[in-house]
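Numbering (this note's numbering), first residue to last: 441 to 832. Backbone N, C-alpha and C fix where the C-beta goes; we use that ideal spot for every residue, glycine too. Accompanying notes for the structure given below.
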C-alpha cells in the first residue's frame, strides 16, 4: 500500500490508471452488501463506481495481492471474469507486476471471493470460516473494556468456532506478542491468508481503541517474499522474516487502553469492510468524540475536569488538550455544548431554573442564567416562556 506513485480516478465514462486513459462504458458493478450479514452478492447493475468520496488521494496497493486473491478464487472454482468485473480490474492490467490498484478494487475482489466461497479464510485453512464470523466476533468485542480483554476474547472465540487458526497473547513487562498460527500451514503456501490475518489484527484493534497501535515489530515465518517492500506500507514497523512464529509485537501498555466504540460505530465500520483494511488508517476527530461521550455520561459536570478525562483515556492532560486542538476543539467548548443540550432538555421538562442549573453543573443559579444567555441569546425564563402552549 502506497501514498504515492499512481493516481487512479473514475468518471462516468473514463478510467484513468497510472496516468493512462482508456475509453469505457460505465463500470458494471454491484452494490456492496453489509459485510457479515449477506450470503450473496447483490444483482449486478450498471452504475459508475466508486463515487468521489471513496478516493483517498494517491493511496494505492500492489497488484501482487490482487493476483494472489484471484489465483486463490480460481482454485476454489470461482469465475475469474466475474471476480474481475466485480472489482473493476482490467485483466491485462494485472499482467504488469509494477502496476498498482486503488484500495477499493482490492477490497471488492476480496469481498467477492469470501462471499462466493462462503469462507472468510478463502479455502486456505484446515476448516472453513463461514462468512459472517468476523462480524459476530466484532459485535462481541465492542463490549469489552480494554484492548487486552478484546484480544483475549478473540483468542477464546476462534478456539471455540474453528480449529483452523490459533491466537495467543503473551504479555511481558514492556512488550506483548500477539501470535497467530494456522494449524494447517501447508494449505497457505504463499502466506496469503496469514498476511491478511496479520493486517486485520493490527488494523481492527487499532480501530477499537481509536489509535494506530505503534507496533515494535512484525514476525513472520515465511522467507523474504518477492513483495517484501510492501511490508513497510502494511505495518508501521520493521518486519522480520523466517521467524519461528507469526506475531505482532506491541507495547504492553496498549493492552490497558479502553475501547470506546458502540453499535453504531461498528455498523459504519462493517459497512466498509474489507475496504478499511486496505486504506491508510486515519481516526478523524476521535478524541473529540471520546471526550463528548464521557461528558454526556457524567452526572457531575461541575467537577469533571480535563485532567480527569485524560486519565480515563490513558494520556496526560497536555496530550489530550493538544489532540483536541488538532481536531479543532477545546475542552471548555465541548463541556459547554453538553451543558447547553442538557439545559434545553430539562427546561422542556418543566424543571425549575434552579433544578436545571444543578443538573448542568452550576451551584449558583445566576451563573447558569448568564451562561445560558451566552449560549442561546435568551435567559432560561424567556426560553421556558417560549415553550409554553399558545405563546407566539
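With DSSP as the reference, identify every bridge partner of residue i, one or two as the case may be.
i           : result
residue 642 : Answer by DSSP bridge pairing: none, since residue 642 is not bridged.
residue 507 : None; residue 507 has no bridge partner.
residue 679 : 658
residue 621 : 606
residue 540 : 502
residue 728 : The partner list for residue 728 (beta bridge, DSSP) is empty, contrary to what the question assumes.
residue 586 : 698
To the nearest angstrom, how far is the alpha carbon of residue i from that of residue j?
i           : j           : result
residue 539 : residue 811 : 59 Å
residue 662 : residue 545 : 26 Å
residue 794 : residue 805 : 6 Å
residue 508 : residue 713 : 19 Å
residue 451 : residue 532 : Low local confidence applies: a pLDDT of 26 at residue 451 is under 50, so the model's placement there is unreliable, with the coordinate-based value given in what follows. The straight-line gap from Cα to Cα measures roughly 21 Å.
residue 599 : residue 689 : 21 Å
residue 634 : residue 720 : 20 Å
residue 708 : residue 577 : 16 Å
residue 800 : residue 637 : 47 Å
residue 580 : residue 825 : 47 Å
residue 784 : residue 763 : 29 Å
residue 817 : residue 749 : 30 Å
residue 754 : residue 697 : 7 Å
residue 592 : residue 505 : 29 Å
residue 706 : residue 694 : 21 Å
residue 717 : residue 556 : 20 Å
residue 620 : residue 594 : 11 Å
residue 692 : residue 561 : 29 Å
residue 745 : residue 734 : 11 Å
residue 803 : residue 766 : 32 Å
residue 665 : residue 631 : 10 Å
residue 411 : residue 651 : Because the chain is modelled from 441 through 832, residue 411 falls outside the range shown and cannot be assessed.
Short of 6 Å in beta carbon distance, which residues of its chain neighbour residue i, apart from the five on each side in sequence? Order them along the chain.
i           : result
residue 815 : 780
residue 513 : 523, 553
residue 610 : 617
residue 679 : 658, 671
residue 758 : none
residue 608 : 619
residue 417 : Missing from the structure shown is residue 417; the chain here goes from 441 to 832 and no further.
residue 796 : 783, 786, 787
Kindly indicate which three-state DSSP category residue i falls into: helix, strand or coil?
i           : result
residue 657 : strand
residue 571 : coil
residue 614 : coil
residue 821 : helix
residue 608 : strand
residue 518 : coil
residue 652 : coil
residue 485 : At residue 485, the pLDDT of 27 sits below 50, so the modelled position is not reliable and the matter cannot be decided from this model.
residue 564 : coil
residue 690 : strand
residue 777 : helix
residue 698 : strand
residue 790 : coil
residue 456 : Annotation note: pLDDT 30 at residue 456 (below 50); position unreliable, coordinate value reported separately. The answer is strand: DSSP assigns residue 456 an E or B state.
residue 513 : helix
residue 755 : coil
residue 750 : helix
residue 883 : Coverage of the chain is limited to positions 441 through 832, which leaves residue 883 absent and any answer about it impossible.
residue 744 : coil
residue 555 : helix
Can we count residue i as close to the ligand FMN, meaning its CB is less than 8 Å from some heavy atom?
i           : result
residue 798 : Questions concerning the ligand FMN fall outside what the structure shown contains, since it holds no ligand whatsoever.
Quick one: residues in its chain with C-beta nearer than 7 Å to the C-beta of residue i, no 5 flanking neighbours on either side, listed in chain order?
i           : result
residue 502 : 540, 667, 670
residue 699 : 582, 584, 585, 586, 587, 590, 648, 649
residue 642 : 653, 655, 675, 688
residue 625 : none
residue 813 : 819
residue 683 : 659, 660, 661
By Cβ distance below 8 Å, which residues in the same chain neighbour residue i in space, the five residues on each side in sequence not counted?
i           : result
residue 515 : 563
residue 623 : 565, 566, 603, 604, 605, 606
- prompt: Any contact of the region 734-745 with the region 561-575, i.e. 3+ C-beta pairs under 8 Å?
  reply: no
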